[in-house]
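Q: Chains R and U supply the protein sequences, listed in that same order.
Position 145, counted from 1, in the first sequence is what this note's numbering calls 145; the numbers after and before it change by one each time, with no gaps.
Position 9, counted from 1, in the second sequence is what this note's numbering calls 361; the numbers after and before it change by one each time, with no gaps.
Quick one: structure below, then a few questions.
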Amino acid sequence: MSRLREPYLNTRVSAMSERLIAPDEVSALCGLSLPELAQRFGLERLLEEPHDRRAKSRGVKQALINTLLDELRVLIRPMNAVEAGLVLAWGRKYALFNLKTLLRGKLYELDQAEIRANLYELPEHVRLPQQDLFQAEGVLELLRKLEQGPYSLIAKQGREVFEQKRDPFALEAALDQRYYTEMARRLQQVPESGQAELKQLLGAVLDRVGLLWLLRFRFSYGLSPSETFYQLVPSVGLLHRERLLSLVNLESLEAILAALPEPLKTALAGSQSLIEVQQRLGGQVTQESRRLLTKGHSGVARALAYLILREHGVLILFSLVQGQLLGLPRELVEIAVEAHPPDCPLPFQSAA
Amino acid sequence: MADHAEHTDPNRAPPILMSRTRPQLTAALKQQLLAAWALAHVLWAKAQPQLKAVAAQIGPLLRRASIALGGAWQQLRSAEAWREIRLRSLPMKHVRVLVITDDLPQASLTLAETESFHPDTRPPEEQLLSGLPGRDYREIYQQAHARLEKIAKVVPVDEEPDLGEVRVIEHDELRRINEELTERWAEASRFEEGLRRIDEQDRFVREQQASLENFSNLKIDLGALRNKTRFLDFYVGVVPRENVSRLQGAVTLADHLLFTYLERDQSTHVVIVGPRGEKESQLASVLSSASFQPLPIPAGLADTSPEHKYDELTAERNRLQAEREALNAEVEAWGQAHRDLLRSTRRSLMLAAPFVTLDPSIRSAGHLAVVCGWVPARAVEDLEARLGVSLALPFELESRDPRPAERPLVPTVPSANRLLAPFAMLVKQYGIPQYGEVDPTPLFAVTFLLMFGSMFGDIGQGAVIAGVAWALRAKLGRFYRFGVMAGLSSMVFGVLYGSIFGYEEILPALWMSPIHHPILMLKIALGYGVLFIAIACGLAIYNRIAVKDLKAAVFGHHGLINLVFYLALIWGAVGIATRSSFGTAPLLLVIGALMALAGYAWSHLQAPTGEKILVVFIETLETVIGYISNTLSFLRVAAFSLNHAALSLAVLTLAAMMGPAGHVITVILGNVFVLVLEGGIVMIQVMRLQYYEGFSRYFSGDGHEFSPLKLRRGPV
């Protein structure tokens, strides 16, 4: 990034970070009523419309995603092509959600209106050729259509796996795997000088994904170590290829947690279930993002950290609205938004 | 004066008039005329046969040229050529058609036939009209259309068959068409799948051939690897390149080893080897996930020659090729058998398309449906009459003028004039005029030709531009007229400058040569710039008045106050140039206008006083600097006309230093250089002046084009 664009992006990120929800604010937000939440976050128009609960919830989520992806578009503007490609690759997860919805629709022959109702309207820079995909008669035809465009690698991998296995689980796993591999590949293209902080951030993201998948594939789905390793994405952080090779061979949750490198080992020590591990790992990614946002120097890394935190905030807000729409008790909503951080010992909490 | 000159300066008189009386003069003149006539007669007698031969050759050419010119002139003179040249948008009406729901498909067809109805997709004001009667029809149409397009990729389907009788495609008929297409697509996709399978097999045989070359170089009996041994497990095969690294790790976990022995395109050839045992079973799933394709190791590799195996594989490829040809023939026969059906299906879908296109604009309540749109005012009557003829059931058509708030939604009908069409394309690159705005196309065309010609004035080079554009008219489409007109403009200025392929001595300049009068050229360019900017400001004022934005017309950017400031500034500048004084009146006008602008900016700023002072000061300064620099920007018109003459001069100077052949080659190459390089630069400069100095002042370009419902529309 040029010398002029770096300060510009950093200033932009700093200005935008005012919009983030602070960790200590979450608990107070849980106490707000729906009109108060709507007023606070400018959602009045959406919530006042005469729609049913599902349509309102959908509208709010759609609006929040649009806000996030619009901010992404603003942030990538001053970046060079490689950096913008990396951040854009992160944002393509929403297109991946739509792709999975379309694939499920084709697999289970769902009604078109139902599929359509579950698709997100995405901005042009991450959008799938949805109308074209809609007209596909089956999964293979849909993936072949998608092979002509920016999603070609994801689609090709998905098609090859589906042709071999005809298994929806294997298909979705292949799509997710290719999504994160693509991010790791794009990180390698960033010049060395700008890589360090991005590596820390994406390392935290990929460590989280890698460990969760490892535990899920090994102990929830009972896959062999070989098959589990094949589905994983080596991280650029702690859980690199060699470490994953040694971890997948272990036979219990406790053994894996004990064999983790520091600081993951301390952070996850004593976790009894996959849910608990998931909660603590989620906290780790947001803390790493907050650390980079406040102390980092790389504009791209800070922009990506901001987007990760913004997405986290957007999900909290959506959970709060959803909780209010469903009339859930406050305690349940607090658990959903992790208003009280899980029992996470140092150094993660202090790092924030 | 002539007599006076004759007496005061006898040397100016012709020698024949000197020292002779009037009768002598008449006699001498007669003699000379007779001699000249005799000489001309002799010459004519001698040259007559050759001239007749030449005339016989060029006669038809001249005749054809005169016919073409006559035709072109007739075209120009005809009302058709000048019709549709207008500065203002064509007046539009908002039309609301209320029909019985059953009549909707027929109403859509009629609206499409008139080609004058631009759908308005806004939700209706009436709350009751909330139904979407065409939604199901649209879903079926889209499925059918997508299937037909997919079939058209397998076999040719007539793109635009003759529509024949225009009739309504009912819901049931559309459903039947969709079902028919579902069956046809199932057949066509089997062909597609078959061709894909053959391609895949062919690729795999090629991989085997490549692999064979590797095996044949090894000095071991690979045939032994064909069967699993008691202790060892072997896999030889191809994996997509991006999967190799992960597969290597995965096989390691199953106590196997992976070796890569060949990489081709996106595939990697690997050998996986490991002990037989319980972990062997783990591999099967991983290999499947990694899209591993086992390569059969040829039997008896050690016994037979690799060439023989290679020939076997070549034979396999030939077999696949034969299979492909047979399948292609089958596809063709299938296409022939279904040609009429597919053509008829296409026709039906084209007839169904208007209703589908109109669907987002239709709202209904019970048996009533409403469709709204924009129609040119002059076409409303005809539209109503056509609906009256075609609809079986009663309907109601209401029309009204667009409301002020609707102005941004009203589409603008583009100029249909053929001469202006290429210029309209260039204007469109900037934007579409908003409804009510002045259409800049005619002004753009005139000023473009004026500037291009004056910057690139040369009879020869202009003729080349016009000739090339004419010769390439088939490829350039309607854009060729742009080249022809630019070339003709260049030729006209070439006549004025007396320049032909850079030579300025062959033809006398009808006006003057730019390079010999640089200061005059610069003055003219400046004057032109002032006129251009003043007209642009005038149009900006008009456009704002047209949209009833009076405040912006007076105080806005390039509004009335700006124009007063600019003209006063020019008045003062002319005063300095002629009388060495700016003048009191222009000075007062300049100060007054600037103060008015500053006051307006001040009243509209919401900021602390310090910031307001800074912003208003900078904005006012920017107005002053902007107008001066924009005017000076037009000096490039003169600069390029001088540049053109100077470049030509340089080419001719170089040519003069060569021998006869070198002279000709240098002149030709030099002219090509000037045409391509300078022609391109002049084009860019003119576009820059048009877009930046012109359009940015008065043309918002944020309108949208009139796109009426038509029968022969592309895919929806």
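The C-beta atom is built at its ideal place from N, Cα and C for all residues, glycine as well.
Keep in mind it's a predicted model, so treat the numbers as computed, not measured.
Drop a sphere of 10 angstroms on the beta-carbon of Asp1017 (chain U), count the other beta-carbons inside from all chains shown, and report buried for 16 or more, exposed for fewer.
A: Contrary to the premise, residue 1017 (chain U) reads as Ile rather than Asp in this sequence. Label assigned to Ile1017 (chain U): exposed.
Q: Taking contact to mean 3 or more Cβ pairs, one atom from each stretch, closer than 8 Å, check whether the region 847-867 of chain U and the region 939-955 of chain U are in contact.
A: At 8 Å Cβ cutoff, the stretches do not touch.
Q: For the beta strand (DSSP E) holding Phe796 (chain U), just list the boundary residues, first then last.
A: Unbroken run through Phe796 (chain U) is the alpha helix (DSSP H), Thr793 to Met807; no beta strand (DSSP E).
Q: Taking 8 Å as the CB-CB cut-off, is Ser640 (chain U) touching chain R?
A: Yes, contact with chain R.
Q: Would you identify the three-state DSSP class for Thr972 (chain U), choosing helix, strand or coil?
A: Helix, per DSSP.
Q: For the region 1043-1061 of chain U and the region 886-902 of chain U, state whether three or more C-beta atom pairs, one from each stretch, are separated by less than 8 Å.
A: Output reads yes: the region 886-902 of chain U touches the region 1043-1061 of chain U.
Q: Counting only C-beta atoms, is Ser17 (chain R) closer than 8 Å to chain U at any point?
A: Not closer than 8 Å to any Cβ of chain U, the Cβ of Ser17 (chain R) fails to qualify, so no.
Q: Would you list the residues sitting across from Ile452 (chain U) in a DSSP beta bridge?
A: In DSSP, Ile452 (chain U) forms a bridge with U:Leu720.
Q: Please name the residue in R:Arg218, R:Leu86 and R:Glu227 whose C-alpha comes closest to that of Gly194 (chain R).
A: It is R:Leu86.
Q: For Leu245 (chain R), which residues in chain U fall below 8 Å Cβ to Cβ?
A: In chain order: Gly601, Thr604 and Leu605.
Q: Count the other C-beta atoms from every protein chain shown that fall within 10 angstroms of the C-beta of Met370 (chain U), then say buried if there are 16 or more, exposed otherwise.
A: Residue confidence is low: Met370 (chain U) scores 39 on pLDDT, short of 50, so the model does not pin down where it sits. Its coordinate-derived value is still stated next. Met370 (chain U) comes out exposed.
Q: Taking Cβ positions only, does Pro225 (chain R) come closer than 8 Å to chain U?
A: Closer than 8 Å to some Cβ of chain U, the Cβ of Pro225 (chain R) qualifies, so yes.
Q: Are the Cβ atoms of Ala184 (chain R) and Val233 (chain R) separated by less than 8 Å?
A: In this structure, Val233 (chain R) lies closer than 8 Å to Ala184 (chain R) by Cβ.
Q: Pro592 (chain U) versus chain R: which residues are under 9 Å apart at the beta carbon?
A: Residues of chain R passing the Cβ test: Lys156, Gln157 and Glu160.
Q: Measure the CB-CB distance between Arg302 (chain R) and Leu292 (chain R) and report whether it falls below 8 Å.
A: Yes, these two residues count as a Cβ contact at 8 Å.
Q: Rounded to whole angstroms, how far is the Cβ of Thr972 (chain U) from the Cβ of Ala950 (chain U), which I believe are closer than 8 Å?
A: Between Ala950 (chain U) and Thr972 (chain U) the Cβ distance is about 5 Å, and since that is below 8 Å, they are a contact.
Q: Strictly below 7 Å CB to CB, what residues from chain U border Val248 (chain R)?
A: Neighbours of Val248 (chain R) on chain U, chain order: Leu605.
Q: Would Leu635 (chain U) pass as an interface residue toward chain C - the criterion being a Cβ-Cβ separation below 8 Å?
A: No chain C appears in the structure shown, which is made up of the protein chains R and U.
Q: Is the distance from the Cβ of Leu609 (chain U) to the Cβ of Gly626 (chain U) below 8 Å?
A: Yes.
Q: Over what stretch of residues does the alpha helix (DSSP H) that includes Gly819 (chain U) continue unbroken?
A: Start and end: Ile811 to Ala823.
Q: CB Val165 (chain R) to CB Ala136 (chain R), shorter than 8 Å?
A: The sequence shown places Lys at residue 165 (chain R), not Val. No. Outside cutoff.
Q: Would you mind sorting Phe611 (chain U) into buried or exposed? The rule is 16 or more other CB atoms within 10 Å of its CB.
A: Looking at its Cβ environment, which holds fewer than 16 other Cβ atoms inside 10 Å, Phe611 (chain U) is exposed.
Q: If distances are taken between C-alpha atoms only, which option among U:Phe644, U:Val779 and U:Arg558 comes closest to Leu599 (chain U)?
A: The shortest C-alpha separation from Leu599 (chain U) is found at U:Phe644.
Q: Output needed for Pro508 (chain U): all residues of its chain with C-beta closer than 8 Å, excluding positions within five of it in sequence on either side, in chain order.
A: Gly687, listed in sequence order.
Q: Residues of the region 229-243 of chain R in Cβ contact with chain U at a cutoff of 7 Å, in chain order, please.
A: For the region 229-243 of chain R, which is checked against every Cβ of chain U, the residues closer than 7 Å are Phe229, Tyr230 and Arg241.
Q: Exposed or buried, what is Tyr1044 (chain U) when buried is set at 16 or more other beta-carbons lying within 10 Å of its beta-carbon?
A: Classification of Tyr1044 (chain U): exposed, given that the 10 Å Cβ count is below 16.
Q: Candidates U:Leu994, U:Asn995, U:His996 and U:Val1019: which alpha carbon is nearest Leu1006 (chain U)'s?
A: Ranking the options by Cα distance to Leu1006 (chain U), first place goes to U:Val1019.
Q: Using the Cα positions of His909 (chain U) and Val449 (chain U), report the straight-line distance between them to the nearest angstrom.
A: Whole-angstrom Cα-Cα distance: 41 Å.
Q: Leaving out the 5 sequence neighbours to the left and right, which residues in its chain are closer than 7 Å to Trp537 (chain U) when beta-carbon positions are compared?
A: The residues are Arg499, Lys502 and Ile503.
Q: Can you give me the start and stop residues for the alpha helix (DSSP H) that Val913 (chain U) sits inside?
A: Residue identity check: residue 913 (chain U) is Ile in the sequence provided, not Val. Note, Ile913 (chain U): alpha helix (DSSP H), Leu912 to Arg931.
Q: For the structure I just gave you, are there three or more beta carbon pairs, one from the region 236-251 of chain R and one from the region 203-223 of chain R, closer than 8 Å?
A: In short, these stretches touch, since the Cβ pair count reaches three.
Q: DSSP three-state call for Met1035 (chain U): helix, strand or coil?
A: Reduced to three states, the DSSP call for Met1035 (chain U) is helix.
Q: On the DSSP bridge list, what partners appear for Arg695 (chain U)?
A: Answer is none; Arg695 (chain U) lacks a bridge partner.
Q: Could you compute how far the alpha carbon of Leu264 (chain R) sits from the alpha carbon of Leu309 (chain R)?
A: If you take the alpha carbons of Leu264 (chain R) and Leu309 (chain R), they lie about 20 Å apart.
Q: When you compare the CB of Ala184 (chain R) with every CB in chain U, is at least one pair closer than 8 Å?
A: For Ala184 (chain R), the answer is no, since every Cβ of chain U falls outside 8 Å of its Cβ.
Q: So does the region 447-467 of chain U actually touch the region 704-723 of chain U, counting three or more Cβ pairs closer than 8 Å?
A: The answer is yes - the region 704-723 of chain U touches the region 447-467 of chain U, with three or more Cβ pairs under 8 Å.
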